[in-house]
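Residues 1 to 169 (the numbering used here) make up the sequence shown, in order. Built from N, CA and C at the ideal position, the CB exists for glycine as well. To start, the structure under review is shown below, and the notes come after it.
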Amino acid sequence: MFDEVVLGVDPGTAAVGVAVVRGPAARARVAWAATLRTPPGAPPAERLRAIYRGVRGAIAEHRPDVVAVERLLFGRNAESGIEVARAAGAVLVAAAEAGVAVEEYAPAQVKVAVTGVGNASKDAVRRGLVRLLGVEGVPAERDAADAVAVALCHLQLAGVRRAARGVAP
């Protein structure tokens, strides 16, 4: 079996969901999950530094094999999209500095991995997580739960990639 330790990240500027999920996907379990909060009203550079430090600390403590990040899709509000992209950049720098590989996943990929539906609601994603992990495996905080979903997405797609290469589980 391919056991993998994945640090899932749901980037944001005020709150960043982070979760460590150990796999393989069929037996995934949440080892740790949290929501990193940045100081409200702090200058953008201070918020990014807080994100960077929080992710760097999680990497140092949990030593993941990979960091899985939900990729930003721009909506109607370009300004908030730019802020979230900056937060994702802080995550990528923390991973690169630690020498940990990064995989990025679109929100629809994450939703399909957890629910089977690419346009699933937040509630459907939560129900999917409970189905896959049990109630005790799903963090209460929304951002942390979203990070778990990102990590599970990585575990599932990593298994598919291995199978496509002909690598036995």
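Quiz item: In terms of residue numbering, what span does the beta strand (DSSP E) encompassing arginine 37 cover?
Solution: 29 to 37
Quiz item: Thinking C-alpha only, which one of Glu83, Leu36, Asp146, Ser80 is nearest alanine 108?
Solution: Asp146
Quiz item: Under a three-way DSSP split, which group does tyrosine 52 fall into?
Solution: helix
Practice problem: Consult DSSP for arginine 131 and reduce its assignment to one of helix, strand or coil. | Solution: helix
Practice problem: Consult DSSP for methionine 1 and reduce its assignment to one of helix, strand or coil. | Solution: Note that methionine 1 scores 45 on pLDDT, short of 50, meaning its location in the model is unreliable; the coordinates nonetheless yield the value given after this. Of the three classes helix, strand and coil, the one that applies to methionine 1 here is coil, per DSSP.
Self-check item: Exposure of glutamate 70, with buried meaning 16 or more beta-carbon neighbours within 10 Å
Solution: buried
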